[in-house]
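See structure below.
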Amino acid sequence: MLILANRLSSLRPTEPLLKPISYNYNLTTTTSPPSPPQDATIVNLVLKTDSQTLTRTLEKYPVEWTPNLVDRVLKLLWNHGPKALQFFKSLDYHPTYAHVSSSFDHAIDIAGRLRDYKTLWTLVDRMRTRRLGPNPKTFAIITERYVSAGKPDRAIKIFFSMHEHGCVQDLNSFNTILDVLCKSKRVEMADNKLFKVFRGFFRAGQLKEAWEFFLQMKKRKCEIDVVTYTTVVHGFGVAGEVRKAQRVFNEMIGEGVLPSVATYNAFIQVLCKKDNVENAISVFEEMLRKGYMPNSTTYNVVIRGLCHVGRMEKAMEFMARMKDDECEPNVQIYNVVIRYFCDAEEIEKGLNVFEKMGDADCLPNLDTYNILISAMFVRKKSDYLLTAGKLLIEMVERGFLPRKFTFNRVLDGLLLTGNQDFAKEILRLQSRCGRLPRRLKL
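In this note's numbering, the protein residues as written are 2 to 443.
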């Protein structure tokens, strides 16, 4: 062993190739435990200090307040919500520190978690006053808190009120509202609420945003029900985006979501108003071939579309078809046809349709009489004005109260055409109805 040790020592170089690192340990002194982190110390201070003296305590505390430090403290105070909000409010009065948007977001999140909505919106207003926001992230926090509190309708309203607070909806906003509504425990709620989001977009005229939102739903493979599809088809169509409405209608069938009668009604109405009546009739016939039973709304939409383009005879054919589908024309359909006949100065045909109402046990309403009475004054012929008087009497007998303007108009027409006796009868009728008759020399 000595021989081996001597050989090894002879192989060692006189100077080492790498100098060893020297450590200067003071083995005679004992090490003190590490001090707690600064933010943890501040948290303890906040929890122990009374709310009335917290502002002064924080002002005197020997630390350089930074947004990062404040955010860390707010996170650590997460389970002490009221104290966290006191801390945030107290720092608001600090002479050398001003809150930034991230700290406001933390405070708003804590207020939302506590369901202290008054404080939440006060913070939002203060944030806006200081031109720090609110931003899409702020509203993401707020909507999520409202949904978590079981208030999805309120969350949707807040989503659409973003612009009122100076915040524009962007792609992240769409994703956020989808996220908060499509959480695992709230899927059924999302199915019922997503269509309200689209309805809000369309009512506000935000077509671009509606389309972006729809594409995001498709991208995320969200389950879109027939009500939502119907809302999207109708919304785009009424706004004049017929091609997008057609695309959504076709995609819905491709996704295996069967259109309802309401969906067909919406699409047919879009084609009648913004595209072509012939295309609308084609969809109507397709609807029948697939076994759908049209209702009064379906026929109302088609008949109105035909009347609008002057195809009155075709409209009458569709009225006749209604009985074959066990669907009776209602007063709205009769009024539409009568109005368009009268507007085309085909008053006799309008009166014929009016007579058919009685045969079909469909009672006229106030609009029916007003349409016909107004039409009698187009040509100002004696026979027509007598008819206007008869309609006025029938109107009162059925329990409708004409306006004073209608009484006076009929009276003027009868006087101008020499029908003084009939005018006296109208005057007596006007008196019985409680309308103050005019003093006329008859």
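Quick reminder that beta carbons are idealized off the backbone N, C-alpha and C, glycines included.
Buried/exposed call for residue i, threshold 16 Cβ in 10 Å
i: His-107; result: buried
i: Gly-311; result: exposed
i: Leu-259; result: exposed
i: Pro-35; result: Bear in mind that a pLDDT of 43 at Pro-35, under 50, signals an unreliable position, so the model cannot answer this.
i: Lys-324; result: exposed
i: Glu-210; result: buried
i: Gln-421; result: exposed
i: His-164; result: exposed
Selected residue, minimal CA-CA separation from residue i, among the options
i: Leu-70; options: Asn-371, Ala-41, His-95 and Asn-45; result: Ala-41
i: Gly-201; options: Lys-158, Tyr-230, Asp-180 and Gln-217; result: Lys-158
i: Asn-336; options: Asp-276, Thr-369, Val-228 and Ala-99; result: Thr-369
i: Gly-134; options: Phe-105, Gln-87 and Ser-297; result: Phe-105
i: Lys-222; options: Val-228, Leu-179 and Val-198; result: Leu-179
i: Lys-382; options: Ile-348, Phe-355, Ile-372 and Phe-408; result: Ile-348
i: Val-243; options: Ala-99, Val-271, Met-320 and Asp-360; result: Val-271
i: Gln-333; options: Thr-299, Asp-326 and Glu-318; result: Thr-299
i: Pro-402; options: Cys-434, Ser-375, Tyr-94 and Pro-330; result: The identity of residue 402 in the sequence shown is Leu, whereas the question assumes Pro. When each option's Cα is compared against that of Leu-402, the closest is Cys-434.
i: Arg-399; options: Pro-365, Gly-419, Ser-283 and Lys-350; result: Pro-365
Test item: CB-CB of residue i and residue j under 7 Å
i: Phe-268; j: Val-234; result: yes
i: Thr-50; j: Thr-58; result: yes
i: Leu-367; j: Val-397; result: no
i: Leu-124; j: Ile-142; result: no
i: Tyr-265; j: Met-294; result: no
i: Asp-72; j: Ser-102; result: no
i: Leu-1; j: Ala-85; result: Residue 1 lies beyond the stretch modelled for the chain, which goes from 2 to 443, so this question has no answer here.
i: Phe-199; j: Thr-232; result: yes
i: Val-44; j: Leu-77; result: yes
i: Asn-296; j: Val-249; result: no
i: Leu-393; j: Val-411; result: yes
i: Gly-241; j: Lys-275; result: yes
i: Phe-161; j: Glu-213; result: no
i: Ala-156; j: Val-169; result: no
i: Gly-82; j: Leu-121; result: no
Under the three-state DSSP convention, the category residue i falls into
i: Gly-221; result: The question names Gly, but residue 221 is Arg in the sequence shown. Coil at Arg-221, not helix or strand.
i: Met-377; result: coil
i: Leu-387; result: helix
i: Leu-133; result: coil
i: Met-294; result: coil
i: Arg-312; result: coil
i: Gly-351; result: helix
i: Cys-273; result: helix
i: Pro-38; result: coil
i: Cys-343; result: helix
i: Ala-205; result: coil
i: Ile-22; result: Its pLDDT being 38, under 50, Ile-22 is placed unreliably in this model, and the value from its coordinates should be taken loosely. Three-state DSSP puts Ile-22 in coil, outside helix and strand.
i: Val-64; result: coil
i: Gln-326; result: Rather than Gln, the amino acid found at residue 326 in this sequence is Asp. The answer is coil: DSSP assigns Asp-326 none of H, G, I, E or B.
i: Arg-127; result: helix
i: Gly-82; result: helix
i: Val-234; result: helix
i: Lys-90; result: helix
Check your understanding: Would you say the stretch 296 to 308 touches the stretch 337 to 356, given that touching needs at least three Cβ pairs under 8 Å?
Key -> yes
Review point. Pairing CB atoms from the stretch 409 to 420 with CB atoms from the stretch 372 to 392, are three or more of them under 8 Å?
Key: yes
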